[in-house]
Ligand code: CDP
Ligand code: CDP
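Numbering (the UniProt record's numbering), first residue to last: 1 to 224.
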């Protein structure tokens, strides 16, 4: 059976990574979290105190030594051989990453890395521009959405369970700002590909979303 290339895009908290991981696990595919790659660069920008809109980010892009591994259901991220897996999920990094992700030179480097990772097939890749720019010929493109209230609630539960104290309304505002920046940037903005299947997860449990997507995969496997 053909090993598909599956692209999943959508705004923050729509359930992309949770669902993508489970779909990849069920199909025996590789899961690639492109958000983690942009987060890693944002972490470096933050750590080195670089201006996120400066040429220094473009220079950094050309010297990137990044490795992603997927171990026991978790994407591990290494930058210059340093394990920064947990450091890239902080609210500070979340706030900075859309600024860094606007730098065209960085996006060009990421696009090449991400295409190389998907070349062999049997891949589920999630992000913002996967169906539109990174893998325009993907066998199945999905655009996951959910209401902003539901997405903020999900992220709030996730962060508070990790020990962060964060106000729900403030988090909702931050997510809305990040979505806006992602949707309005000039290079590879967040937008559904014209041939993407829209999946609204507001009322769906994780299991229901996974089942719906596995059905779509089965259909595509018989049609490609
Ligand atoms: O997990 P969450 O949805 O909060 O975000 P993420 O997937 O980790 O992505 C973090 C940020 O990276 C996004 O808000 C975008 O600014 C950027 N990103 C991007 O520009 N293009 C991608 N393919 C993936 C992420
Ligand atoms: O990757 P993305 O930012 O789109 O979202 P996520 O990190 O996969 O999901 C954010 C949170 O929502 C996680 O804690 C998931 O467990 C939860 N979730 C949910 O409650 N119901 C869904 N249908 C999907 C995700």
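All C-beta atoms, glycine included, are put in the ideal place defined by N, C-alpha and C.
{"Check": "Cut-off 7 Å between Cβ atoms - residues of its own chain near residue 5, not counting five sequence neighbours on either side", "Outcome": "118, 121, 123, 135, 138 and 139"}
{"Check": "Test item: CB-CB of residue 180 and residue 89 under 9 Å", "Outcome": "no"}
{"Check": "In chain order, each alpha helix (DSSP H) run of at least 4 residues that lies wholly inside the segment 139 to 195", "Outcome": "148 to 161 and 168 to 184"}
{"Check": "Inside the segment 96 to 140 only - alpha helix (DSSP H) runs reaching at least 4 residues", "Outcome": "104 to 118"}
{"Check": "Residue 6 Cβ short of 8 Å to ligand 1 heavy atom set", "Outcome": "no"}
{"Check": "Closest residue to residue 47 among 58, 147, 12 and 96 (Cα-Cα distance)", "Outcome": "96"}
{"Check": "As assigned by DSSP and simplified to three states, the class of residue 51", "Outcome": "coil"}
{"Check": "Neighbourhood of residue 202 by C-beta distance below 7 Å, restricted to the same chain and skipping five residues each side", "Outcome": "146, 147 and 150"}
{"Check": "Delimiting residues of the beta strand (DSSP E) encompassing residue 79", "Outcome": "74 to 79"}
{"Check": "Inter-residue CB distance, residue 75 and residue 36 (contact presumed, cutoff 8 Å)", "Outcome": "5 Å"}
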